[in-house]
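Going by full-length UniProt numbering, the sequence shown opens with residue 1, and the numbers climb by one from there.
So the structure is just underneath, and the comments pick up after that.
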Amino acid sequence: MNSNQTAIKTAQPSEAMTWIDFSSDHAQGVEAFKNGMACLGSAVNVITTCVDGQYAGFTATAVTSVSDTPPSLLVCLNRNSSVFNTFKNATHLCVNTLSAQQAAISGLFAGKLTQQERFESVDWQAFITGSPVIEGCNHAFDCQISQRLDSGTHVILICDILGVANHKDTSNLVYFNRQYHELY
Numbered sequence: 001m002n003s004n005q006t007a008i009k010t011a012q013p014s015e016a017m018t019w020i021d022f023s024s025d026h027a028q029g030v031e032a033f034k035n036g037m038a039c040l041g042s043a044v045n046v047i048t049t050c051v052d053g054q055y056a057g058f059t060a061t062a063v064t065s066v067s068d069t070p071p072s073l074l075v076c077l078n079r080n081s082s083v084f085n086t087f088k089n090a091t092h093l094c095v096n097t098l099s100a101q102q103a104a105i106s107g108l109f110a111g112k113l114t115q116q117e118r119f120e121s122v123d124w125q126a127f128i129t130g131s132p133v134i135e136g137c138n139h140a141f142d143c144q145i146s147q148r149l150d151s152g153t154h155v156i157l158i159c160d161i162l163g164v165a166n167h168k169d170t171s172n173l174v175y176f177n178r179q180y181h182e183l184y
């Protein structure tokens, strides 16, 4: 081997780790995947839209930046979500990043309330695109949905950011290990 070549070794998990081969035990692999993903701390967001005068929103942690040129982000939406059909027809949405004091709002938009009950339970105003901005959220990203990508049980919404509103509160609500946490 010369100095420009790198030896490739097959990695083996340490004794403290358990290796699960999806091909031999898919159900156990899925459970291990879910447990691993629960250990990725994520900001808690409420995704909102308005389609034909009907407001819809859901809680999401599967949100991330895509690019700064053009400014864009993505949101993952489960096909089994009660709001799937509304967001399937949406052209715009707002990503409301919740502050540490807004765990109850996250619960409202993750629960079984009707869309009307959700929006009657919070203070909000329409953003430039008509999508609701939740009062007191840390950041609100007003977006145009530019692409939809199918991936398993979810649709990935690629969104171009049209405007951002920032709140002065610097606390954040994060979800880690299946629990809410406050980050200051």
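For glycine and all other residues, C-beta sits at the position ideal for the given N, C-alpha and C.
Cα-Cα separation between residue i and residue j, rounded to whole angstroms
i: D137; j: V46; result: The sequence given here has Cys at residue 137, not Asp. Roughly 9 Å between the two C-alpha positions.
i: V164; j: N35; result: 33 Å
i: G152; j: H26; result: 15 Å
i: S146; j: A90; result: 11 Å
i: F33; j: T61; result: 16 Å
i: Q116; j: Q102; result: 19 Å
i: S23; j: N166; result: 46 Å
i: H181; j: S65; result: 21 Å
i: S67; j: V30; result: 30 Å
i: T86; j: A16; result: 45 Å
i: H154; j: L183; result: 28 Å
i: C159; j: H92; result: 8 Å
Residues near residue i in its chain [Cβ-Cβ closer than 6 Å; skip 5 each side]
i: G41; result: V174 and F176
i: I156; result: L74, C76 and L149
i: P71; result: I161
i: Q125; result: V133
Buried or exposed by the 16-neighbour rule on C-beta atoms within 10 Å, applied to residue i
i: Y55; result: buried
i: D142; result: buried
i: L108; result: buried
i: G111; result: exposed
i: W19; result: exposed
i: residue 213; result: Beyond the ends of the chain as shown, which are 1 and 184, falls residue 213; an answer cannot be given.
i: V44; result: buried
i: V63; result: buried
i: R79; result: exposed
i: F119; result: buried
i: V83; result: buried
i: T114; result: exposed
i: G53; result: exposed
Segment limits, beta strand (DSSP E) that includes residue i
i: Q101; result: Element bounds for Q101: n/a, residue is neither H nor E.
i: R148; result: H139 to S151
i: F58; result: Q54 to A60
i: T170; result: Here T170 belongs to no beta strand (DSSP E), and DSSP marks it neither H nor E.
i: N80; result: First-last for N80: undefined, no H or E at that position.
i: P132; result: P132 to I134
N- and C-terminal bounds of the alpha helix (DSSP H) containing residue i
i: E31; result: H26 to A38
i: E15; result: Where E15 is concerned, there is no enclosing alpha helix (DSSP H), given that its DSSP letter is neither H nor E.
i: E120; result: Q115 to E120
i: F127; result: Note, F127: premise wrong, no alpha helix (DSSP H); not H, not E.
i: N85; result: F84 to K88
Cβ neighbours of residue i in the same chain (closer than 8 Å, five flanking residues each side left out)
i: V122; result: I105, L108, I134 and E135
i: Q28; result: I20
i: C94; result: I47, T48, T49, F127, T129, S131, P132, V133, A140, F141, D142 and C143
Own chain partners of residue i with C-beta closer than 7 Å, once the 5 adjacent residues on each side are dropped
i: A38; result: N177 and R178
i: S81; result: F58
i: V51; result: T86, N89 and A90
So does the stretch 170-178 actually touch the stretch 95-111, counting three or more Cβ pairs closer than 8 Å? yes
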